[in-house]
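As structure tokens, the structure follows; a few thoughts come after it.
Residue numbers (the working numbering): 60 to 126.
The structure is reproduced here in structure tokens:
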């Protein structure tokens, strides 16, 4: 789970955390690798942009990660 209050955050997160080399996050995401059935499911709850952005997101993200 990567905190992504902005769409670009997931790109930076994947690259900065070392999951993909610099500049390759876009192709990695476009290849559906971060979809729930992909190689690296990412923000399967819809993320901060789609799920919720109230103060509860901080506890909901770890719960969803475990699921």
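Ideal Cβ positions, reconstructed from N, Cα and C, are used throughout, including at glycine.
Note that the structure is predicted; figures quoted are calculated from it, not measured.
Between the beta-carbon of residue 93 and the beta-carbon of residue 76, is there less than 9 angstroms?
no
Measuring alpha carbon to alpha carbon, tell me which residue in 95, 70, 60 is nearest residue 86.
70
CB residue 118 to CB residue 101, shorter than 9 angstroms?
no
Residues in its own chain within less than 7 angstroms of residue 78 by CB, not counting five upstream and five downstream?
99
Using the Cα positions of residue 90 and residue 122, report the straight-line distance between them to the nearest angstrom.
26 angstroms
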